[in-house]
Amino acid sequence: MRTRFAPSPNGALHLGHAYAACQAHDLARQLGGAFLLRIEDIDGMRSTPERIEAIFADLRWLGLHWDGEVLFQSSRLAAYDAALDTLKARGLIYPCFCTRSQIASAGAQPGPEGLVYPGTCRALSDDDRAHRRLSEPHAWRLDIGKALEQTGALVWHDMAAGEQAAKPELFGDVVLARKDAPASYHLAVTLDDAHQQISHVVRGRDLFLATHVHRLLQALLDLPVPLYRHHRLLAGADGRKLAKSEGAAALGLLREKGRDGPLLLENLRKAILPSGISWAEPSYSVP
Ligand code: GLU
Numbered sequence: 001m002r003t004r005f006a007p008s009p010n011g012a013l014h015l016g017h018a019y020a021a022c023q024a025h026d027l028a029r030q031l032g033g034a035f036l037l038r039i040e041d042i043d044g045m046r047s048t049p050e051r052i053e054a055i056f057a058d059l060r061w062l063g064l065h066w067d068g069e070v071l072f073q074s075s076r077l078a079a080y081d082a083a084l085d086t087l088k089a090r091g092l093i094y095p096c097f098c099t100r101s102q103i104a105s106a107g108a109q110p111g112p113e114g115l116v117y118p119g120t121c122r123a124l125s126d127d128d129r130a131h132r133r134l135s136e137p138h139a140w141r142l143d144i145g146k147a148l149e150q151t152g153a154l155v156w157h158d159m160a161a162g163e164q165a166a167k168p169e170l171f172g173d174v175v176l177a178r179k180d181a182p183a184s185y186h187l188a189v190t191l192d193d194a195h196q197q198i199s200h201v202v203r204g205r206d207l208f209l210a211t212h213v214h215r216l217l218q219a220l221l222d223l224p225v226p227l228y229r230h231h232r233l234l235a236g237a238d239g240r241k242l243a244k245s246e247g248a249a250a251l252g253l254l255r256e257k258g259r260d261g262p263l264l265l266e267n268l269r270k271a272i273l274p275s276g277i278s279w280a281e282p283s284y285s286v287p
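Written out as structure tokens, the structure reads:
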């Protein structure tokens, strides 16, 4: 039994991260398993050594101890490349040259994470692709239709919401390798959860729908399927999910002010929230 906390060091951790880490930590401790830490640092420009150090300091201040070595996504680039090569060889991913504004002007509809790609580059000929790849920046997208033809119907299990029929088509042809990063969140997280042998993925409800995509990638790449638990999210004074930029809820500030980390966590466990913080309503309904 293994859980993990997987923060991205592209901003300061806040109370929502403390809650997420605590949920994953406590489940591992309850079930006699291991609690692992993974730093999702492939967002080159924004991940800095100072931010990574601050994550360690925040977790120590909270009294959350992780097991074993920390895994850095920046050490996993060869694994992401290998998975992309496998999918390329099977004709399941294609290069996409579109800019955001081209996607918006092609009449794309909103989806769970921005606009659903209208499939423009899916229709390019092999010659066009080969030619344009030499000179134009490109992402790699998964051909969801083709992928689902290969896997057939899939399910995954949420510990609270129960069995879910996977609906990765909600996302359209998702990006697996970004123009500006060697792998997208979806690809890296799925491969790393398998690599770290995570049996229980505990994370926020903002990622509930992303699990549909992760389930499809597991099927395509022959990876084990963990159990999932998507916990409630914390909201700030405006009722919206806490964002990294909100200073008042930043763990680093509370730590520097000499606040008691383990006590704060103990209160979060009892659903006693600091003033100005409430439970966020998810923007979609969890069945
Ligand atoms: N790195 C992601 C974040 O900070 C979380 C990834 C996950 O738990 O799947 O939002």
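Residue numbers 1 to 287, in this note's numbering, belong to the letters of the sequence shown in order. Glycine included, C-beta positions come from ideal geometry on N, C-alpha and C. As the structure is a computational prediction, the values presented were derived from the model and not from experiment.
State buried or exposed for residue i, treating a residue as buried only when at least 16 other CB atoms are found within 10 Å of its CB.
i      : result
Gln30  : exposed
Ala249 : buried
Leu142 : buried
Thr99  : exposed
Arg90  : exposed
Ser184 : buried
Arg259 : exposed
Val286 : Reliability fails at Val286, whose pLDDT of 47 lies under 50, so the model's placement of it is uncertain and the value that follows must be treated cautiously. Per the 10 Å Cβ criterion, exposed.
Trp279 : exposed
With distances taken between CB atoms, is the gap from residue i to residue j smaller than 8 angstroms?
i      : j      : result
Tyr117 : Ala108 : yes
Ala24  : Thr48  : no
Leu227 : Tyr19  : no
Lys179 : Ala139 : yes
Leu242 : Leu234 : yes
Ala54  : Ala12  : yes
Asp192 : Val201 : no
Arg132 : Phe171 : no
Going by the C-beta, is residue i closer than 7 angstroms to any heavy atom of the ligand GLU?
i      : result
Leu71  : no
Val189 : yes
Arg46  : no
Pro7   : yes
Glu169 : no
Arg203 : yes
Leu207 : yes
Ala40  : Reading the sequence as shown, one finds Glu at residue 40 and not Ala. Yes, the Cβ of Glu40 comes within 7 angstroms of a heavy atom of the ligand GLU.
So, with DSSP's three-state summary, where would you put residue i?
i      : result
Val286 : At Val286 the pLDDT is 47, less than 50, meaning the model places this residue with poor confidence and gives no usable figure here.
Arg259 : coil
Phe56  : helix
Arg100 : helix
Ala271 : coil
Ser278 : strand
Tyr228 : strand
Glu69  : coil
Thr288 : A query on residue 288 cannot be resolved here, the shown segment of the chain reaching from 1 to 287 and no further.
Leu15  : helix
Hey, residue i and residue j are a contact pair by Cβ (cut 8 angstroms); roughly how many whole angstroms apart?
i      : j      : result
Ala181 : Asp26  : Rounded, the Cβ-Cβ distance is 32 angstroms, inconsistent with contact.
Gly236 : Ile277 : 7 angstroms
Phe72  : Ile103 : Their Cβ separation, rounded to whole angstroms, is 31 angstroms, which puts Phe72 and Ile103 out of contact at 8 angstroms.
Ala161 : Leu216 : Not a contact, Cβ separation roughly 18 angstroms.
Val213 : Val174 : 6 angstroms
Asp67  : Ala34  : 4 angstroms
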